[in-house]
Amino acid sequence: MLFNSIDYFFFFIACYITYWISPSRFRKYILIVFSLLFYGYWSGSFLIHFVLFIIITHLCVIGILKTKRKIFLILGISINLLNLCFFKYVLTYLKYLMSEGELTIPFFQSLSEFVLPLAISFYTFQMIAYLVDAWRGKFTESPFVNFLLFILFFPQLIAGPIMRHDDFYDQIDHAKLTLDFVQRGIFHILSGLIKKVLIADQIAKLINPVYANPGEYDGISIFLSTFAFSFQVYGDFSGYTDLARGSAFLLGYEIPENFRSPFLSVSFAELWSRWHYTLSTWIRDYLYIPLGGNRVTELRYNINTIIVMSLSGLWHGNTYTFFLWGFFHGIFLSIERFAFGKPNRSSMTPLKKVFAVIWIFTIFSVLATFFRIDTLEKISTFWSSVINLKGKIIYKPDFWGLMIGSYILQFVEFKNYFKEKLEPYILWLIPVCTILVYFALVKIEAATETFIYFQF
């Protein structure tokens, strides 16, 4: 059930009305029921699988809280990681063997027919964080109903943001319908629709043929398509987050922000503090710090950085190109620290900031080919097409309009005062923007693309 679909619209309306007309003591149970329906809409069998792992994880949490024995922490983390690795990596290898005709054992052939459970990477990391926080003593009790809602909460279930218990628990019994949350909810939903449907999906229509058949396009189109893909991923995932946050606001919850103008970053370190922020902080708190954090030698620091970024790449996808994508980002982070220390935006001249932004965005976009294309052979074919002097072109007025619109969004997000200046006019801006977005949406003929991060 896509957030930008009519199915979700009617689903959310039904949830919203039922939720707010019910007594407050029943509301969290209503959200749990609708969250189960939301996930079950995709797959009933994987819903059972999902709930089973929620129960197992919670039993391990109770074991940690009651006994303080580390075995429950190890057991809980191991079970969740084995579940993730089996579906995301083992099955991928079995499917590969099946496609090559090398898999002949009936049992393994039947296993290879399984698909990746929706949102497995997101809910696995969320449950691991909960286990570790229990071990670290960040909470002393864990009501099962609250934990169930925390993991199942449908606005953020499928593609994040990756929440912590302290982002959510205090809101469970205190959600209220306020004018501020309604306004913020509607604006986030409008923002999400603009980013996803009007920008990301339209970029996809232009560049998908380029990635499918790079030899048919000229070199400039090949190069520009890498920048366009970065904007597509940003609009797609950031748009999802806005839709998720907007839905949560309308239900009386505030969930974490996940993006803030990443393509205006002046360093790789800043980029990763602005791009998929909840994953970056998860990696910092549950991988990087346990490996020693900043309390190690410079060599060890760089090795740890490369390790955690490489693992971040594997979290995103199950091909070696995702690993390389994360590995190269780790390399650039290490080089940046070695050469410049920790770049300080406030000490840079305006011209230096411009060059830094262009540099970071260019490298990010070039590395994004490892994110988009699943083999080195295909990546080589793609980049070898840059030498083409003739061929189809994508850089027409609609292409440049999408690029300019994408960068305008970066500035609007970066400068918070835009929101503050618009606040006095919000009562008439909401209906005007809603009407404009509606007419823009009905002009779109083709079906929208699925969310890119659903595959993770």
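Heads up: the sequence shown begins at -13 in our numbering, then just goes up one per residue.
The beta carbon of each residue, even a glycine, is placed where N, CA and C say it ideally should be.
With a threshold of 8 Å on Cβ separation, who are the neighbours of residue i within its own chain once the five nearest residues in sequence on each side are excluded?
i	result
Pro103	Ser29, Phe32, His35, Phe36 and Phe73
Ile16	Cys1, Thr4, Tyr5 and Ser8
Thr305	Thr78, Asp360 and Thr361
Ile451	In the structure as shown, the chain starts at -13 and stops at 442, and residue 451 therefore has no counterpart that could be examined.
Ile390	none
Ser296	Phe309, Gly312, Phe313 and Gly316
Just the Cα atoms here: how many angstroms apart are residue i and residue j?
i	j	result
Ser333	Ser259	18 Å
Thr361	Pro383	32 Å
Asn374	Thr267	42 Å
Phe209	Gly238	44 Å
Lys162	Gly278	42 Å
Ser128	Phe215	42 Å
Ile269	Gly312	12 Å
Phe217	Ile380	15 Å
Leu67	Asn199	37 Å
Trp301	Ser107	7 Å
Asp119	Ile63	12 Å
Ile42	Leu138	15 Å
Leu143	Val343	33 Å
Ala186	Lys52	48 Å
Arg358	Lys54	44 Å
Asp156	Leu236	17 Å
Ile158	Ser10	10 Å
Phe350	Leu319	12 Å
Cys419	Tyr411	12 Å
Val398	Ile(-8)	28 Å
Arg170	Ile206	40 Å
Ala145	Ala105	6 Å
Ile346	Ile317	13 Å
Leu176	Phe254	30 Å
Tyr287	Tyr424	50 Å
Identify every residue that forms a DSSP beta bridge with residue i.
i	result
Lys124	According to DSSP, which records beta bridges pairwise, Lys124 is partnered with nothing at all.
Tyr203	Lys378
Can you give me the Cβ contacts of residue i inside the same chain, cut-off strictly under 6 Å, excluding the 5 residues immediately before and after it?
i	result
Ser211	Ile193 and Val196
Trp121	Ile50 and Leu59
Gly377	Glu202, Tyr203 and Asp204
His174	Asp228, Arg231 and Gly232
Val294	Ile269, Leu273 and Tyr274
Gln396	Ser247, Phe249 and Leu250
Ser371	Pro200, Gly201 and Ile208
Tyr75	Asn304
Trp261	Pro248
Lys14	Leu135 and Ile158
Ile416	Ile172
Out of the options, point me to the one whose CA is closest to residue i's CA.
i	options	result
Leu250	Thr348, Arg122 and Thr227	Thr348
Ile275	Trp261, Thr264 and Thr291	Thr291
Phe(-11)	Tyr15, Arg11 and Tyr25	Tyr25
Phe125	Ile137, His151 and Phe108	His151
Phe140	Phe400, Ser8 and Val19	Val19
Val252	Leu176, Arg331 and Ser296	Arg331
Ser327	Pro417, Leu353 and Asn280	Note that residue 327 is Gly in the sequence shown here, rather than Ser. Among Pro417, Leu353 and Asn280, the Cα nearest to that of Gly327 belongs to Asn280.
Ile180	Ser392, Ile346 and Trp414	Ser392
Phe12	Leu45, Cys46, Asn132 and Cys71	Asn132
Glu284	Ile158, Ile346, Val219 and Arg323	Arg323
Ile65	Ser(-9), Ile114 and Lys56	Ile114
Ile421	Ile172, Trp386 and Tyr(-6)	Ile172
Asn69	Lys56, Val47 and Leu38	Leu38
Asn167	Asn288, Glu240, Trp414 and Leu61	Here residue 167 turns out to be Phe, not Asn, going by the sequence shown. Nearest option by C-alpha distance: Glu240.
Leu265	Thr110, Asp222 and Val183	Thr110
Leu23	His44, Tyr226 and Phe(-4)	Phe(-4)
Val473	Phe245, Gly178, Val183 and Tyr226	Outside the shown range of the chain (-13 to 442) lies residue 473, about which nothing can therefore be said.
Tyr263	Glu363, Tyr116, Val47 and Met149	Met149
Tyr(-6)	Tyr116, Ile57, His44 and Tyr226	Tyr226
Leu117	Leu413, Ile438, Lys338 and His44	His44
Ile438	Tyr220, Cys46, Phe385 and Lys339	Tyr220
Asp271	Gln112, Trp369, Phe385 and Val352	Gln112
Output needed for residue i: all residues of its chain with C-beta closer than 7 Å, excluding positions within five of it in sequence on either side, in chain order.
i	result
Phe(-2)	Ser233
Gln188	Leu388
Ile40	Leu134 and Ile137
Pro242	Pro147, Met149, Asp153 and Thr264
Thr367	Pro200
Are there any heavy atoms of the ligand FMN lying less than 7 Å away from the beta-carbon of residue i, as far as the coordinates show?
i	result
Ser224	This structure simply doesn't include the ligand FMN, nor any ligand for that matter.
Checklist entry - Unbroken alpha helix (DSSP H) runs of length 4 or more, entirely within the region 107 to 165: which are they? => result DSSP runs (the alpha helix (DSSP H)) wholly in the region 107 to 165: 130 to 138, 140 to 143 and 151 to 154.
Checklist entry - Taking the runs of the alpha helix (DSSP H) that are 4 residues or longer, which of them lie wholly in the region 170 to 238? => result DSSP runs (the alpha helix (DSSP H)) wholly in the region 170 to 238: 187 to 198 and 205 to 236.
Checklist entry - If you scan the region 8 to 79 from start to end, which runs of the alpha helix (DSSP H) of 4 or more residues do you find wholly inside it? => result The qualifying runs are 13 to 28, 30 to 53 and 56 to 71.
Item to check | Every unbroken alpha helix (DSSP H) within the region 259 to 323, with a cutoff of 4 residues, ordered by chain | outcome: If we require 4 residues or more, the alpha helix (DSSP H) runs fully inside the region 259 to 323 come out as 263 to 269 and 284 to 302.
Checklist entry - Where are the alpha helix (DSSP H) runs, 4 residues long or more, that stay fully inside the region 344 to 378, in chain order? => result 362 to 370, all fully within the region 344 to 378.
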